[in-house]
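Undergrad:
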Amino acid sequence: MTNTKDAQSYKIGIFYHSIRLILAGVFIFASIDKILHPQAFAQAVFDYQVLPGSLINLVALILPWLELLVGASLLMNRWMSGAASIVTILISIFVGLIFFNLARGLDISCGCFSTDFDENPMTKLTMFRDILFLCLAFCLLILTIYKNNIRYKTQ
Amino acid sequence: MQRTVFQLHLNEIVRQAFFILFLSVVMGLVVNMIRPDSIPIIADWSTENRLTSESGETLIIPVLLAKALFEKNEAVFMDARDKNQFELGHIKGAKNLPWHSVDDYFMNIVQDLPNDKVIITYCDGESCDLSHNLALFLKKMGFNHVKILINGWSVWQEMNLPIEGSS
């Protein structure tokens, strides 16, 4: 009985750490080009045509650092409740924005991993990829809450 | 008990999320302050400002000037809308270079473009970006005399200037 339980928690642990590291890699990788090229990323944010002009640069300056710090938190397995929540919220917003802009036929750069349009056009594949990330993020959030639950009960 | 656990989760999520967000705001703003290629925190993203170069030269052309160039045959009008809309009606003599298929049309159109004339791009609607994108693309491709007639198709018709097309 105990062995079965241990095997189960071992599998959950492997799954949790795998998702954590995948999403950490995705978010850290996604942030670098945006941090290096703030003006180009501001243009990508503008192209989405959802924010008022006064917020475009502010978002272009803060969002890449949010991605980097969230990625670093996931990598270090620290502040996991906050990081997993932010990741889930961010990817949900990205999926919504991509769906919205594909539906209205905007031919723009995704701006997801690179600020270069040619490297990063927004397609249906972009949305499916982000939906996959969203599923992973949601799993990570659930698993984080599950682990915290055990911690609270033992305290 | 259930409520207490829920509150513990919520407190932890909110506390950590705000901490990460706060750190991101600080890092984003501080790094921007010290880097050489910093950008203003609040910028003017209006159409006029985006289409004005650092030297103050604007890409936007007023309709009266476009009309004068048209009458002197010193401009080539470039319709950035789709083929169907172009065929329904366009500025007389305009060429169709749909922004959404610019790669397919560009090589054919560019061969006939005279170097000595001003290229005026247009589409329809105040918020239509097709003409802006096309103009910036043409500038990037080496055409120096490029202008944009904002909301061109509508303002051209309002002034009863020459048009052609199936409708």
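Residue numbers (our numbering), protein chains in the order written: chain W, 499 to 653; chain L, 678 to 844. Quick reminder that beta carbons are idealized off the backbone N, C-alpha and C, glycines included. These numbers come from a predicted model, not from an experiment.
Figure out for me which residue from W:538, W:645, W:635 has the closest Cα to the Cα of residue 588 of chain W.
TA: W:635
Undergrad: Are the segment 503-519 of chain W and the segment 618-633 of chain W touching by the rule of at least three beta carbon pairs closer than 8 Å?
TA: Too few Cβ pairs lie closer than 8 Å, so no.
Undergrad: If you compare alpha carbons, which of L:825, L:801, L:804, L:802 is closest to residue 811 of chain L?
TA: L:825
Undergrad: Going along the chain, which residues of its own chain have a beta-carbon closer than 8 Å to the beta-carbon of residue 803 of chain L, five neighbours each way excluded?
TA: Within the same chain, residue 803 of chain L has close Cβ partners 827, 828.
Undergrad: Do you know offhand how far residue 801 of chain L's Cα is from residue 726 of chain L's?
TA: 20 Å
Undergrad: Our contact map puts residue 581 of chain W next to residue 593 of chain W with C-beta atoms below 8 Å; I'd like the distance itself, whole angstroms only.
TA: Not confirmed; about 19 Å, so no contact.
Undergrad: So, is residue 755 of chain L buried or exposed, given that buried needs 16 or more other C-beta atoms within 10 angstroms?
TA: buried
Undergrad: According to a CB-to-CB cut-off of less than 9 Å, which residues of the segment 711-724 of chain L neighbour chain W?
TA: 712, 714, 715, 716, 717, 718, 719, 720, 721, 722, 723
Undergrad: Taking residue 573 of chain W as the reference, give the member of W:510, W:639, W:526, W:633 with the closest Cα.
TA: W:526
Undergrad: Three-state secondary structure (DSSP) at residue 784 of chain L?
TA: helix
Undergrad: Candidates W:517, W:511, W:643: which alpha carbon is nearest residue 632 of chain W's?
TA: Nearest option by C-alpha distance: W:517.
Undergrad: Using only alpha-carbon positions, find the residue among W:642, W:575, W:607 that is nearest to residue 523 of chain W.
TA: W:575
Undergrad: Could you work out which residues of chain L lie near residue 568 of chain W, taking near to mean beta carbons separated by less than 7 Å?
TA: Neighbourhood of residue 568 of chain W in chain L, by CB distance below 7 Å: 697, in chain order.
Undergrad: Looking at the secondary structure, which residues open and close the alpha helix (DSSP H) in which residue 650 of chain W lies?
TA: 622-652
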